[in-house]
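Asks:
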Amino acid sequence: MKISFIAAIVSPLRFFIAAAAIGLLVTARAHASSYTLTTLNGNLNSGSWSLGEVIPGDYSAGGQAVVDEQNVNVLVGMYNTSVHSSSGGGNTYTLSGTSFGPSLPGATLTGNIIANGTVGGMSFDGTWAKIVLASTFQYLIGKYDGPNSGAEVWDIGGIAAGSTIYIPQFAKPGSGAQAGELIMTSGAGAKYQMTGWTLFHSDQPNSVPDGGSTALLLGAALSVIGLLRRQAH
């Protein structure tokens, strides 16, 4: 009788612990927060969430969304084939040193959202541009002052819907050892101002990667469940 009573208590307890661990995983995946994304600033490993940069990345043909998608997918192709820098169509492409896993999905025009001086509206505070995600997206590209500057591409696949993203309001091309990279600027005389940004979904909707914290919680949840299974035997 005593053993049966203990078992009756422990069995629901195991279920509760497992459910709580999985609940933590789901909560981490869905949690909206605030993120500050930067340019490479002359250091290939310094750009938070940065996939890479395109200079100048102009909209001279095809319109904002079309050209932005092309630029994103060139960088994705470079990442997937381990090509650090490339050029073509009057643009110079530079990949960041950030690792996003073995490969990345492409960007699709389906469901894209654009903002510029006349469409969508952009929010600036003098240093940062503010973007609130209405849903999840895979990539964000920010464009700075037409042919005078360039474009920055960020992989935001791990950022939840409802999150607020801050990206530099001003950035200019580097020179010398920093040639081919965008340098964030601010304060009096800062240049060049952002002229538009575009959000893209993945062309593989189920390929959105987990963030580091989510991966850790997944490991913890699986460990708890494994422990409970061993105890059950």
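Each residue of the sequence shown is one higher than the one before, starting from 24 at the first, in the working numbering.
We put the CB at the ideal spot given by N, CA and C, even for glycine.
1. Among the residues of its own chain, which have a CB less than 6 Å from the CB of Thr-187, if the five just before and after it don't count?
2. Quick one, which of Gln-216, Pro-170, Ser-126 and Leu-60 has its alpha-carbon nearest Asn-114's?
3. Which ranges does the beta strand (DSSP E) cover as unbroken runs of at least 3 residues, wholly within the segment 49-131, from first to last along the chain?
4. Enumerate in chain order the residues of its own chain whose CB-to-CB distance from Thr-131 is below 8 Å, with the five nearest sequence positions on each side excluded.
5. Assuming Leu-11 and Leu-63 are in contact, meaning their beta carbons sit under 8 Å apart, how far apart are those beta carbons, in whole angstroms?
6. Could you give the first and the last residue of the continuous beta strand (DSSP E) run that contains Ser-225?
7. Identify, in the order they occur along the chain, each residue of the same chain with its Cβ nearer than 7 Å to the Cβ of Gln-87, setting aside the five sequence neighbours on each side.
8. Would you kindly check if the distance between the Cβ of Asn-66 and the Cβ of Ala-174 is under 7 Å?
9. With H, G and I counted as helix, E and B as strand and the rest as coil, what does DSSP make of Ala-200?
10. Which residues in the same chain have their Cβ closer than 7 Å to the Cβ of Thr-150, if we skip the five residues on either side of it in sequence?
11. Given this structure, state the Cα-to-Cα distance separating Gly-197 from Ile-78, to the nearest angstrom.
12. If Ser-119 sits next to Gly-75, beta carbons under 8 Å apart, how far is it from one beta carbon to the other, in whole angstroms?
13. Can you give me the C-alpha to C-alpha distance between Thr-59 and Gly-112, rounded to a whole angstrom?
14. For a quick check, are the C-beta atoms of Ala-183 and Ala-55 less than 7 Å apart?
15. For Gly-169, which three-state DSSP category applies?
16. In three-state DSSP terms, what is Gly-185?
17. Closer than 8 Å by C-beta to Met-145: which residues in its own chain qualify, once you throw out the five before and the five after it? Chain order, please.
18. Return yes when the Cβ of Leu-127 is within less than 7 Å of the Cβ of Val-99, no when it is not.
19. Return the residue from the list Ser-71, Asp-148, Gln-201 and Tyr-215 that minimises the CA-CA distance to Asp-168.
20. In the DSSP assignment, what are the bridge partners of Gly-143?
Replies: With the structure as the only source:
1. Stepping through the sequence shown from its first residue, residue 187 is reached at position 164. Cβ neighbours of Thr-187 beyond the five flanking positions: Ser-57 and Val-155.
2. Counted from its first residue, the sequence shown places residue 114 at position 91. Of the listed residues, the one whose Cα sits closest to Asn-114 is Pro-170.
3. Qualifying beta strand (DSSP E) stretches, in chain order: 57-59, 73-78, 108-111 and 114-118.
4. Counting from one through the sequence shown, the residue named residue 131 turns up at place 108. Around Thr-131: Glu-92, Phe-223, His-224, Ser-225 and Asp-226.
5. This structure gives no information on residue 11, because the portion of the chain shown stretches from 24 to 256.
6. The sequence position of residue 225 within the sequence shown is 202, counting from 1. Per DSSP, Ser-225 is one residue of the beta strand (DSSP E) stretching across 217-225.
7. Residue mapping note: residue 87 aligns to position 64 of the sequence shown, counting from 1. These residues qualify, in order along the chain: Ile-137, Asn-139, Gly-219 and Thr-221.
8. The sequence position of residue 174 within the sequence shown is 151, counting from 1. The sequence position of residue 66 within the sequence shown is 43, counting from 1. In this structure, Asn-66 does not lie closer than 7 Å to Ala-174 by Cβ.
9. Numbered from its first residue, the sequence shown carries residue 200 at position 177. Ala-200 falls in the helix class under three-state DSSP.
10. Here residue 150 refers to the residue found at position 127 of the sequence shown. Apart from the 5 residues on each side of it in sequence, Thr-150 sits with its Cβ closer than 7 Å to the Cβ of Gln-192 and Ser-209 in its chain, given in chain order.
11. Translated into the one-based positions of the sequence shown, residue 197 becomes position 174. Translated into the one-based positions of the sequence shown, residue 78 becomes position 55. Each residue's Cα considered, the two are about 10 Å apart.
12. The residue given as residue 119 occupies position 96 in the sequence shown. The residue given as residue 75 occupies position 52 in the sequence shown. About 5 Å separates the beta carbons of Ser-119 and Gly-75, which is inside the 8 Å limit, making them a contact pair.
13. Taking the first residue of the sequence shown as position 1, residue 59 is located at position 36. Taking the first residue of the sequence shown as position 1, residue 112 is located at position 89. Taking the straight line joining both Cα atoms gives about 31 Å.
14. Taking the first residue of the sequence shown as position 1, residue 183 is located at position 160. Taking the first residue of the sequence shown as position 1, residue 55 is located at position 32. Their beta carbons are under 7 Å apart, which means Ala-183 touches Ala-55 by this criterion.
15. Your numbering for residue 169 matches position 146 in the sequence shown. Helix.
16. Locating residue 185 in the sequence shown gives position 162, where the first residue counts as 1. Three-state DSSP puts Gly-185 in coil, outside helix and strand.
17. Residue numbering aside, residue 145 sits at position 122 when the sequence shown is read from its first letter. For Met-145, the CB contacts under 8 Å within the same chain, skipping 5 residues up- and downstream, are Ala-138, Asn-139, Ala-152, Met-217, Gly-219 and Trp-220 in chain order.
18. Counting from one through the sequence shown, the residue named residue 99 turns up at place 76. Counting from one through the sequence shown, the residue named residue 127 turns up at place 104. Yes, these two residues count as a Cβ contact at 7 Å.
19. Translated into the one-based positions of the sequence shown, residue 168 becomes position 145. Ranked by Cα distance from Asp-168, the options Ser-71, Asp-148, Gln-201 and Tyr-215 are led by Tyr-215.
20. Taking the first residue of the sequence shown as position 1, residue 143 is located at position 120. In the DSSP assignment, the residues bridged to Gly-143 are Asn-139.
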